[in-house]
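Quick note on my numbering: the sequence shown kicks off at 74 and runs consecutively.
Ideal placement from N, C-alpha and C gives every residue a C-beta, glycine not left out.
No experiment lies behind these values; they were computed from the predicted model shown.
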Amino acid sequence: MRDWEIGGWLSQPPTSFSVVVGGLCDIIKSLLVDKTYIEEARMAKIPSYDKMMNPVVQALHELGGSGTIEEINNKAVEILGLSEDLLEILHDSDKGSQTEVEYRLAWSRTYLKKYGILENSSRGVWALTVKGRQTQQVNPDTVRRFVQTERRTEKVQQSDINDDNDEPKLTWKEELISVLLKMDPSAFERLVQRLLRESGFIQVEVTGKSGDGGIDGKGIMRLGGLLSFHVIFQCKRY
């Protein structure tokens, strides 16, 4: 009796074992191909970055003209009506935890910024520009062509640096007060919302307007990512 026949648990010669292993490898490869196909099919359900442009613009309008990346993304996702399983898809699992939706929304913001619709600060707060506040929808093809043309013709330019030794006619505080007093109520409202977001507030909401041009509202103040407080605020110009 041969070793491979002991106990009868192998009824075929050893050469058949390699056939079995080869068959298993084929099955595994097939499963991997199927998984890749499924991932690609799920990815295809996510709108491209250019189709996310108008939801981003709409999100900022609904947020009062400015918002953190988190606020804008959440609102845009709500507008797009994306399912939870699509929101969980990572852009590149080897490079970090950024999702594919976040990645494409980031490109949408970048294109809209280059087109002059959005602006952002170093604190991660994005806002509609004057042009953006006057725009409810954009033509994604127009935006894309504009940005691509700019990239081809763009040349490095250095911004003019103001001479710090020049004595201003007014102090910055006086100039600021002058600008604030001349603002219309809606512009002042947008400014307050953005200032609060720049200071760490989220979910900033204006709940009422006073007769003296000020506004009342509420929001959540986050401290160091560990603590958060619900805050009621009142801002006045006079």
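- CA-to-CA, the gap between L133 and D167 works out to about 31 Å.
- Selection K186, D289, G297, P213 evaluated against K204 yields K186 as nearest (Cα-Cα).
- If you draw a straight line from the Cα of Q210 to the Cα of K124, it comes to about 11 Å.
- Taking D158 as reference, the option from K118, A200, K309, S272 with the minimal CA-CA separation is K118.
- Cβ neighbours of V265 within its own chain (closer than 7 Å, five residues either side excluded): I288, C308.
- According to DSSP, L300 shares a beta bridge with L296.
- For M116, same chain residues with a beta-carbon under 7 Å away, outside a window of 5 residues either side, are I162, E173 in chain order.
- Taking each of A260, M294, S170 in turn and checking the Cα distance to K282, the smallest one comes out for A260.
- With a beta-carbon spacing of about 7 Å, Y184 and R217 fall inside the 8 Å limit used to define contacts.
- Of the candidates D165, L201, G189, L201 places its Cα closest to the Cα of I145.
- For R270, same chain residues with a beta-carbon under 7 Å away, outside a window of 5 residues either side, are S139, G140, T141, V198, V277 in chain order.
- For G138, the three-state secondary structure derived from DSSP is coil.
- Nearest to M294 by alpha-carbon distance, out of R310, I305, P258, F274, is F274.
- Secondary structure within the region 124-178: the beta strand (DSSP E) runs of 3 or more consecutive residues, fully enclosed, are 139-141 (chain order).
- Assigned with DSSP and collapsed to three states, I119 falls in coil, not helix or strand.
- Of the other Cβ atoms in all chains shown, fewer than 16 fall within 10 Å of the Cβ of V252; this residue is therefore exposed.
- Distance from the Cα of T222 is smallest, within the candidate group P258, Y188, V150, for Y188.
- Between the beta-carbon of L160 and that of K148 there is about 14 Å, and that puts the pair past the 8 Å contact cut.
- I190 is positioned such that its CB atom lies closer than 7 Å to that of T208.
- The DSSP-derived three-state label of V211 is coil.
- Residue burial annotation: V129 is buried, with at least 16 other C-beta atoms found within 10 angstroms of its C-beta.
- In terms of Cβ geometry, V304 and G292 form a close pair [threshold 7 Å].
- The beta carbon of Y122 lies closer than 6 Å to those of R177, W180, S181 in the same chain, with the five residues before and after it left out.
- Annotation for R206: G138 place their beta carbon closer than 7 Å to its own, counting only its chain and skipping 5 residues before and after.
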